[in-house]
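Colleague: First the structure, then my questions, so here it is.
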Amino acid sequence: MPHTVLLAEDDRAIRNALERALTLEGYRVTAVADGVEALAQAHRMRPDVLVLDVMMPGIDGLQVCRVLRAEGDRTPVLILTALVETADRIAGLDAGADDYVVKPFDVEEVFARLRALLRRAAPAPAESGPAAAPEPGTPPEPSGLSGRLLEAAGLRMDPQARQAWRGDRELELTRTEFELLELLIRNAGVVLEHSAIYDRIWGYDFGPGSKNLAVYVGYLRRKLDEPGAPQLIHTVRGVGYVLREG
11 MPHTVLLAED DRAIRNALER ALTLEGYRVT AVADGVEALA QAHRMRPDVL
61 VLDVMMPGID GLQVCRVLRA EGDRTPVLIL TALVETADRI AGLDAGADDY
111 VVKPFDVEEV FARLRALLRR AAPAPAESGP AAAPEPGTPP EPSGLSGRLL
161 EAAGLRMDPQ ARQAWRGDRE LELTRTEFEL LELLIRNAGV VLEHSAIYDR
211 IWGYDFGPGS KNLAVYVGYL RRKLDEPGAP QLIHTVRGVG YVLREG
């Protein structure tokens, strides 16, 4: 079955062009012109992924995202934005968006980001045998999660439960932040190149001009770092990033 996309964009030319392109790419698309209709359709059709313009009349794309997240809806959200400042991009992540594309965009980049979001949202293969779930809000003990718990640089992560902690503090992470942190933890002490991270997380290298990775790393640092504690994610200028303590 083709994946279903709910597209909300108030610019008719962009909406029609993107709807046509997504349809030709094999998606089943429902296109609307404002946030109110986007929320109504999201509740009605339960799409596989949402593509939301930020600037829309009435209810904007970020408000749509906030409402869905408050309702517990974890459908992947790709934000379309003409706002290029880092603070604007962070606002999108704060609202619960999983990724964003800056206008004007190449439609192939939209396709690549949608493929990555849908791939990450796909159910994980079932594990053989029952697995003990950690108590809500408390870090699991390694002895009870043999083979599940990842640990590095004072961090703990349970990939199956999609939970992570620094010390006793649970981290509230978006899907993309979680997968970026998981990649860094699994390769702790290893410098990961920008292109390798893009390929593993997004499935597509957006080139040296892209600020996408830097924005996510910066936002992840804000959630990880603590006053008086060493920074965990280090920048290797011109190369990439590494997770290490101190």
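Count along the sequence shown starting at 1, add 10, and that's the number in the working numbering. Each residue gets a CB set at the ideal place from its N, CA and C atoms; glycine is no exception.
1) Please state if the CB of Tyr229 and the CB of Arg103 are separated by a distance shorter than 8 Å.
2) Does the separation of the CB atoms of Ala52 and Leu32 fall below 8 Å?
3) If we call anything under 8 Å between Cβ atoms a contact, is Ile243 one with Arg231?
4) By the 10 Å Cβ neighbour count, where 16 or more other Cβ atoms means buried, how is Val227 classified, buried or exposed?
5) Tell me where the alpha helix (DSSP H) around His13 begins and ends.
6) Opposite Tyr37 in the DSSP bridges: which residues?
7) To the nearest angstrom, how far is the alpha carbon of Gln173 from that of Gly164?
8) Quick check on this structure: which residue in Gly250, Glu118, Gln73 and Leu60 has the alpha carbon closest to the alpha carbon of Val15?
9) Which two residues bound the contiguous beta strand (DSSP E) that contains Gly250?
10) Using the C-alpha atoms, what's the distance from Glu180 back to Asp108?
11) Where do the ends of the beta strand (DSSP E) carrying Ala132 lie?
12) Please determine if the stretch 121-128 and the stretch 83-94 are in contact, where contact requires at least 3 C-beta pairs separated by less than 8 Å.
13) With DSSP run on the structure shown, which of helix, strand or coil describes Leu263?
14) Would you mind listing the beta strand (DSSP E) stretches within the stretch 169-241 that are 3+ residues and don't spill past its ends, in chain order?
15) Tell me, please, which residues DSSP counts as bridged to Thr91.
16) Can you tell which of Arg56, Val200, Arg185 and Met167 has the C-alpha that lies nearest to the C-alpha of Ala105?
17) Can Leu253 and Ala206 be called in contact, C-beta distance under 8 Å?
18) Could you give the first and the last residue of the continuous beta strand (DSSP E) run that contains Ala48?
19) Would Gly82 pass as a contact of Gly45 if the rule is Cβ separation under 8 Å?
20) Kindly indicate which three-state DSSP category Ala31 falls into: helix, strand or coil?
21) Looking only at C-alpha atoms, which of Glu35, Ala41, Gly36 and Met11 sits nearest to Ala23?
22) Quick one: what's Thr245 bridged to in DSSP?
23) Output needed for Pro57: all residues of its chain with C-beta closer than 8 Å, excluding positions within five of it in sequence on either side, in chain order.
24) According to the neighbour-count rule (16 or more other Cβ atoms, all chains shown, within 10 Å of its Cβ), is Asn26 buried or exposed?
Modeller: Well, looking at it:
1) The sequence position of residue 103 within the sequence shown is 93, counting from 1. The sequence position of residue 229 within the sequence shown is 219, counting from 1. Looking at the sequence provided, one finds Leu at residue 103 rather than Arg. Yes.
2) Numbered from its first residue, the sequence shown carries residue 52 at position 42. Numbered from its first residue, the sequence shown carries residue 32 at position 22. The answer is no: Cβ separation not under 8 Å.
3) Against the sequence shown, residue 243 aligns to sequence position 233. Against the sequence shown, residue 231 aligns to sequence position 221. In contact: Ile243 and Arg231 (Cβ atoms closer than 8 Å).
4) In the sequence shown, residue 227 corresponds to position 217, counting from 1. Classification of Val227: buried, given that the 10 Å Cβ count is 16 or more.
5) The sequence position of residue 13 within the sequence shown is 3, counting from 1. Careful: His13 lies outside any alpha helix (DSSP H) and carries neither H nor E.
6) Sequence index remark: in the sequence shown, residue 37 carries index 27 (1-based). According to DSSP, which records beta bridges pairwise, Tyr37 is partnered with nothing at all.
7) Here residue 173 is taken as the residue at index 163 of the sequence shown, counted from 1. Here residue 164 is taken as the residue at index 154 of the sequence shown, counted from 1. Taking the straight line from one Cα to the other gives about 15 Å.
8) Residue mapping note: residue 15 aligns to position 5 of the sequence shown, counting from 1. The option with the nearest alpha carbon to Val15 is Leu60.
9) Taking the sequence shown and counting its residues from 1, one reaches residue 250 at position 240. Gly250 to Leu253 is the span of the beta strand (DSSP E), which, as asked, contains Gly250.
10) Mapped onto the sequence shown, residue 108 falls at position 98. Mapped onto the sequence shown, residue 180 falls at position 170. Those two C-alpha atoms are separated by around 20 Å.
11) Residue numbering aside, residue 132 sits at position 122 when the sequence shown is read from its first letter. Note, Ala132: premise wrong, no beta strand (DSSP E); not H, not E.
12) yes
13) Only positions 11 to 256 of the chain appear in the structure, and residue 263 is not among them; the question remains open.
14) 173-176
15) On the sequence shown, residue 91 is found 81 positions in, with the first residue counted as 1. Note: Thr91 sits in a beta bridge opposite Val112.
16) Residue numbering aside, residue 105 sits at position 95 when the sequence shown is read from its first letter. The residue with the shortest Cα to Cα distance from Ala105 is Arg185.
17) Taking the sequence shown and counting its residues from 1, the one referred to as residue 253 is at position 243. Taking the sequence shown and counting its residues from 1, the one referred to as residue 206 is at position 196. No. Outside cutoff.
18) Mapped onto the sequence shown, residue 48 falls at position 38. Per DSSP, Ala48 belongs to no beta strand (DSSP E); it is in the alpha helix (DSSP H), Gly45 to Met55.
19) Position 72 of the sequence shown, counted from the first residue, corresponds to residue 82. Position 35 of the sequence shown, counted from the first residue, corresponds to residue 45. No, these two residues do not count as a Cβ contact at 8 Å.
20) For this step, residue 31 is matched to residue 21 along the sequence shown. It is helical.
21) If you number the sequence shown from 1, residue 23 lands on position 13. Measuring from the Cα of Ala23, the nearest candidate turns out to be Ala41.
22) Numbered from 1 along the sequence shown, position 235 holds the residue referred to as residue 245. Tyr251.
23) As a position in the sequence shown, residue 57 is number 47, starting the count at 1. Same-chain partners within the cutoff: Thr14, Val15, Leu16, Thr40, Gln51 and Thr85.
24) Along the sequence shown, read from residue 1 onward, the residue named residue 26 stands at position 16. It counts as exposed.
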